[in-house]
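At position 253 of the sequence shown the residue is numbered 251 (this note's numbering), and the sequence of numbers has no breaks.
The C-beta atom is built at its ideal place from N, Cα and C for all residues, glycine as well.
Since the structure is predicted, the reported quantities are computational estimates derived from the model, not experimental observations.
In what follows, a structure is listed as structure tokens, so that the remarks can point back to it.
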Amino acid sequence: MTGIGFEILARDGAARAGRLSTAHGTIETPVFMPLGTAGTVKAMTPEGVAATGARIVLGNTYHLMLRPGAERIAALGGLHRFMNWPHAILTDSGGFQVMSLAALRTISEAGVAFRSHLDGSRHLLTPERSVEIQHLLGANITMAFDECTPFPAERDQVEASMELSMRWAERSRAAFTERPGHGIFGIVQGGVHADLRHRSAARITEICFDGYAIGGLAIGEGQATTFAMLEATVPALPADRPRYLMGVGKPADIVGAVKRGVDMFDCVLPTRSGRTGQAFTRAGTLNLRNARHADDPTPLDPECRCPACTGFSRAYLHHLTKSGEILASMLLTAHNLTYYADLTAELRAAIRDGRLAEFVAPGTAG
Ligand SMILES: [Zn+2]
């Protein structure tokens, strides 16, 4: 196969432990992919990101097309070289950000016309242009361009949006240039309607992608609904291809989704929380701004292998956070990404050992 390889190494119930093969290395799944939105995982060096165990990060079509520009990055050798990240990159299509950030959006069959949130300049993002930008960036995994359906929305609106996304998925697939170690994923939409999800999954499978993403969830519908939509969607997707739940999530969401057959995740939570003094630990979520840490000489999480936990006390991290020091963001981001990397490593081990059913995310009730 010319695209992205995917080998399933172990199964436990609906869950799988697998291995993705790309032109920039292999990735063990289930995997959490840190966000490198603007060509950087915020507050982290590439070496620091790799030290957490991550071997794939996300890049963002919308942000990078506006600044510094996809053609400029291509002329400078592509995104891997530009950001000095030798491992794999997945780029999102820009569909979500154009709806959440851009001004004066107009959606038509052709695509989305909008004004940049940076300088007001006019742009048109189409399925073909989105795929071209992702090619210019050099993404190992390109995402099909889709419409982010608002939530809540009337069923008719969700259905029309899903159908538009399916037509755009077909155009995205046709625009994609096949090359070894690079692939394109389609995205299932359909809001919180199981029958629409099912229809979208059947349609997207027919188009035939290297992997299948589930989009438009974890945007306020609640965990029980997210899981119900996964149960309606995942069985309709090809068993031998990777599945990616976009924008999810909290540790307990990831565990529940893995149990329902999802292999890949991304979320702003560990990186954003790291910049606001929040830490995920095996003993629960901590707010480092809290005065109770001011005199605490113990590490954030005694079982954690990250630089924040092996070198510093809670008292020092509290001081950095309270003082607004850049090092607070750096250390807490490194810690949170290590927590997420270790969570997925523990999930892989539980699947291999056939003990996933009783697995609970460390430090959470679920
Ligand atoms: Zn740590």
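Would you tell me roughly how many angstroms separate the C-alpha atoms of residue 245 and residue 215, rounded to the nearest one?
Approximately 8 Å between the Cα atoms of the pair.
Considering only C-alpha positions, which residue in the set 218, 96 and 202 is nearest to residue 212?
Of 218, 96 and 202, the residue nearest in Cα terms is 202.
Any heavy atom of ligand 1 closer than 8 Å to the Cβ of residue 306?
Yes, the Cβ of residue 306 comes within 8 Å of a heavy atom of ligand 1.
For residue 223, which three-state DSSP category applies?
Helix, per DSSP.
Shorter than 8 Å, the distance from the beta carbon of residue 302 to the closest heavy atom of ligand 1, or not?
The answer is yes for residue 302.
Classify residue 355 as buried or exposed, calling it buried when 16 or more other Cβ atoms lie within 10 Å of its own Cβ.
Its Cβ having fewer than 16 others within 10 Å, residue 355 is exposed.
Once you ignore the five residues that flank residue 231 on each side, which residues in its own chain have a CB closer than 6 Å to its CB?
Only 186, 195, 199 and 212 meet the Cβ criterion.
Could you spell out the range, first to last residue, of the beta strand (DSSP E) harbouring residue 10?
Segment 3 to 10, the beta strand (DSSP E) holding residue 10.
Please report the Cβ distance between residue 94 and residue 102, rounded to the nearest whole angstrom; I am assuming they are in contact, meaning their Cβ atoms lie under 8 Å.
The pair is not a contact, with the Cβ atoms about 17 Å apart (cut-off 8 Å).
Helix, strand or coil: which one does DSSP assign to residue 80?
Looking at residue 80 - three-state DSSP - the assignment turns out to be helix.
Looking at C-beta atoms only, is the number of pairs between the segment 51 to 67 and the segment 129 to 149 that lie closer than 8 Å three or more?
Contact between the segment 51 to 67 and the segment 129 to 149 is present, because at least three Cβ pairs lie under 8 Å.
Please report the straight-line C-alpha distance between residue 182 and residue 359, rounded to a whole angstrom.
If I take the Cα positions, the gap works out to 30 Å.
Can you find the residues in the same chain that come closer than 8 Å, C-beta to C-beta, to residue -1, ignoring five residues on each side of it along the sequence?
For residue -1, the predicted model reports a pLDDT of 48, less than 50, meaning its position is unreliable; a value from the coordinates is still stated below. So the list is empty, once near-sequence residues are dropped.
Could you pull the start and end residues of the beta strand (DSSP E) that residue 176 belongs to?
Premise fails: residue 176 is in no beta strand (DSSP E) and is neither H nor E.
Around the Cβ of residue 88, are there at least 16 other Cβ atoms within 10 angstroms (buried) or fewer (exposed)?
Residue 88 is buried by the Cβ-count criterion.
Does any heavy atom of ligand 1 sit closer than 8 Å to the C-beta of residue 20?
Not under cutoff, so the answer is no.
Residue 336: beta carbon under 8 Å from a heavy atom of ligand 1?
Under cutoff, so the answer is yes.
May I ask you to report which of helix, strand or coil DSSP gives residue 217?
Coil at residue 217, not helix or strand.
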